[in-house]
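J.: Sharing a structure below in structure tokens format, with a few things to ask.
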RNA sequence: GCCCGGGUGGUGAAAUUGGUAGACACGCAAGACUUAAAAUCUUGUUGCCGUAAGGCAGUGCCGGUUCGAGCCCGGCCCCGGGCACCA
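Residue numbers (our numbering): -5 to 824.
Have a look at this one:
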């Protein structure tokens, strides 16, 4: 039988990977402790919601995290790479209703399934630290921490708006409102006010903003988004006195503006539909009452509000202009948010486009108070549109006429201050964090409500307040509200009859501190222990860009509160951040909403984890969103089998492989060796600094192409190949750990897990000849090679003598010659 | 609507500091091997003109800066993420 050259039956990824994974497990290869002489490195990928099956979005996220962890291990770090489960949340309730099962049961079976898939993917997790946020041992400390915040005055209760389904009589998440209707009942959703718990994240607004400047390891775009979200502004808070006091509103309307310079152009006030003035006005007007009711239809989401047609109605109430005393009518407007600021704004239609359109629509006065032409600009024409720029000077503003923005701002602020009707103030767009959810599958809020003592924190000794497990749901709100045996209790203060909170926490509470708990996951005497101080901050955090604001901001806030409690020492939870783009399928974001699509299992069964990991890393740079295609997995498998495995197999049959003798190498041997060391240098930079893993793979593929073409079976030729293959194996090992482990053990003595990243031989990188190009007027006209140490003059001369160049220069005058050494020569002619 | 990104061949992409656009792959085409197919190997592959050498055009659109722009600036179009109860 003829020898089949490329038949290398020994590469069987599925069984090889299983053996190596067992080896890791039996040896506890990835279990770490604080007792290490090596520098610590904490690598963390945002933990998953256990939705059931893995999808390719998970594969991307967790493979990226694993690649970074494995690269840092090669760098000699003591690497913590933990995993757990963000186990509370809405999908479990939905599934529970749909399948008539308990959320806990559904969740735990999903965890078991996903855990199995994670192990098949060969992630280097320290599984001994695993936990799920629905474990009472976990959320116990969240409850404990909330009671610390309660005692510090960092939490408070206030009324807030929710989506109310009047048919199912339940609160709906924004996601459950489809086109203004409940997703199950199809009923028109109403806004309803409920008393809820808030955490004072605004107390930390300034630090959350300022510390962004210190986060050098965060992408600029994420920091920009957070800055804008926090939204610091400088302005004036002022009061427009009322002619007569109004019920619940007092004797003035408070507004905040960043443009106090335009105060003389304020021609009306606009209040939210939920503002006390609007409510008071509605008592005397059924038309207004109808309008307010209209405003309370639809979803509470800001995006929906912003897209609504801007509508308003006169309340009939009149305020006084704080400086002129003139009448200022008060209108209700559906675009004013009660949650933001005081729920009232002053309207300057001459210099705000939204106010301008509103004023046009309802026939309100439009007064110009800023004029750019006096400042050299073009004259503003507020008959056409509002003039919104700060450039110009004040007009129609009495004693303030002629002042520029800054002088007008200060002058008017001072005038208000003198009348005790206003003060300069720094304002933040950031709102306090509402943490109450009217849901069952969440962490119970550890508060007891007593008629005599009010809201009382559950004492430490009574924690955790355990969520009753194994409840089934019927879709009509939280079952906790129907369980007197659970919510009826005694007041911890007075011992009298009291009622537990039946609301649970926003699941962002769990994800705001889990990273710290991984350091102390088996500690039962407190939230965290000293180990958390060793491991935090997370050195590299990896996760979807969709978490750029909420999760990352809440976690930063929690970390600072934990620091102020002395539980951790650093100021920020995540030193470096990799924000991933989405994995799309058929143009849709891959996530729990995509159901089972994109399950990698059949690919793992057929091609193995290394091929899946490699295909995913090769597909696109981490920050790009891209459409997943399975094609790449087969081609990755082919490369691993036909190129890498085959080349090593062939090499192992060479019997004369001496140590490298660098001094004796031929030019072609030096050439290949130069490529090896160039690739090592580039890969190290791509892994460590650029986080560009797709180019690690392409440069390794390119190197392998050169190894294939290198036909030299002399002893030193073999030695160069040996070095090259080892380099390829080590470079690829963070991405394809199994095949790298296997091949390295075949080629070398010792244990692969003791291997460290390769050092670059600088002398191997030296080039004697470089390729340069010739341009004429910036257009490419020729190429040449020249000694790397040639002078500029020599480069220019060589460029002139390149064939084809002369015909673009002849009969013209060379005005300028630009020489970029070792790159190009550009002749500028005319 | 507001905030933040992105747009490069048939496809995923590369081009790291303003300096050779399309590396590395996928796909496709042709060829080799085979009774045949698969697998594998070789060659080609941005478009147009040309046997070739080479030329012209080209990085969403319009304009600008520069010796030189995928990259910088101004204006627009389209796509994606977030908008506080999806996680």
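Backbone N, C-alpha and C fix where the C-beta goes; we use that ideal spot for every residue, glycine too.
Here the structure is a predicted model, which is why all the values come from computation and not from measurement.
1. Could you name the residues of the same chain whose beta carbon sits closer than 6 Å to that of residue 341, not counting the 5 residues immediately before and after it, in chain order?
2. Please report the distance separating the alpha-carbon of residue 659 from that of residue 671.
3. I'd like to know whether the C-beta atoms of residue 604 and residue 732 end up nearer to each other than 8 Å.
4. Quick one: what's got a C-beta closer than 8 Å to residue 455's C-beta in the same chain, skipping five residues either side?
5. Please list the terminal residues of the continuous alpha helix (DSSP H) segment that includes residue 214.
6. DSSP has residue 79 in a bridge; who is on the other side?
7. Run through DSSP, which three-state label would residue 557 get?
8. Measure the alpha-carbon distance for residue 150 versus residue 193 and round it to whole angstroms.
9. Ignoring anything shorter than 3 residues or poking outside the segment 720 to 807, list the beta strand (DSSP E) runs there in chain order.
10. For the beta strand (DSSP E) containing residue 537, name the first residue and the last one.
11. Please state whether DSSP places residue 43 in a helix, a strand or coil.
12. Is it buried or exposed for residue 13, if we count other Cβ within 10 angstroms and need 16 for buried?
13. For my contact list, residue 120 and residue 58 are in at a C-beta cut-off of 8 Å; report their separation, rounded to the angstrom.
14. Indicate whether the contact test is met: 3 or more Cβ pairs, each with one atom in the segment 178 to 186 and one in the segment 147 to 161, closer than 8 Å.
15. So is residue 319 buried or exposed if we call it buried at 16+ other beta carbons inside 10 Å?
16. With DSSP as the reference, identify every bridge partner of residue 168, one or two as the case may be.
17. How is residue 427 classed by DSSP in three states: helix, strand or coil?
18. From 452, 278 and 543, pick the residue whose C-alpha is nearest to that of residue 573; which is it?
19. Note down, in chain order, each residue of its chain lying with its Cβ closer than 6 Å to the Cβ of residue 461, except the 5 sequence neighbours on either side.
20. Threshold first: 4 residues or longer. Then list the alpha helix (DSSP H) segments lying entirely within the segment 429 to 487, N to C.
21. DSSP puts residue 250 in a beta bridge; with which residues?
22. Is it true that the CB of residue 267 sits closer than 8 Å to the CB of residue 286?
23. Kindly list the residues whose CB is nearer than 8 Å to the CB of residue 464, restricted to its own chain and excluding five residues on each side of it in sequence; keep chain order.
24. Sort 245, 240 and 223 by Cα distance to residue 233 and report the nearest one.
25. Considering only their Cβ atoms, is the gap separating residue 168 from residue 291 smaller than 8 Å?
26. Check whether the segment 423 to 437 touches the segment 196 to 215, counting contact only when three or more Cβ pairs, one atom from each stretch, lie closer than 8 Å.
27. Following the continuous beta strand (DSSP E) through residue 26, name the residue where it begins and the one where it ends.
28. Can you have a look at residue 550 and say buried or exposed, based on whether 16 or more other CB atoms are within 10 angstroms of its CB?
29. Pair every Cβ in the segment 686 to 701 with every Cβ in the segment 611 to 626, then say whether three or more of these pairs are closer than 8 Å.
30. Judging by CA-CA distance, which residue of 50, 5 and 24 is the nearest neighbour of residue 579?
31. Report yes or no: do three or more beta-carbon pairs, one from the segment 490 to 503 and one from the segment 441 to 453, lie closer than 8 Å?
32. Is residue 579 helix, strand or coil when you go by DSSP?
33. What would DSSP say about residue 567, mapped onto helix, strand or coil?
34. Measure from the alpha carbon of residue 206 to the alpha carbon of each residue in 195, 357, 309 and 220, then state which is nearest.
35. Can you name the start and end residues of the alpha helix (DSSP H) that residue 665 belongs to?
36. From the DSSP output, which residues share a beta bridge with residue 498?
T.: Walking through what the data contain:
1. 262, 264 and 349
2. 15 Å
3. yes
4. none
5. 214 to 224
6. 126
7. helix
8. 7 Å
9. 763 to 770 and 773 to 781
10. 532 to 538
11. coil
12. exposed
13. At roughly 18 Å, the Cβ-Cβ gap does not stay under 8 Å, so residue 120 and residue 58 are not in contact.
14. yes
15. exposed
16. Its beta-bridge partners do not exist; DSSP assigns none.
17. strand
18. 543
19. 438
20. 478 to 481
21. 231
22. yes
23. 96, 98 and 99
24. 245
25. no
26. yes
27. Element bounds for residue 26: n/a, residue is neither H nor E.
28. buried
29. yes
30. 50
31. yes
32. strand
33. coil
34. 220
35. 661 to 679
36. 431 and 438
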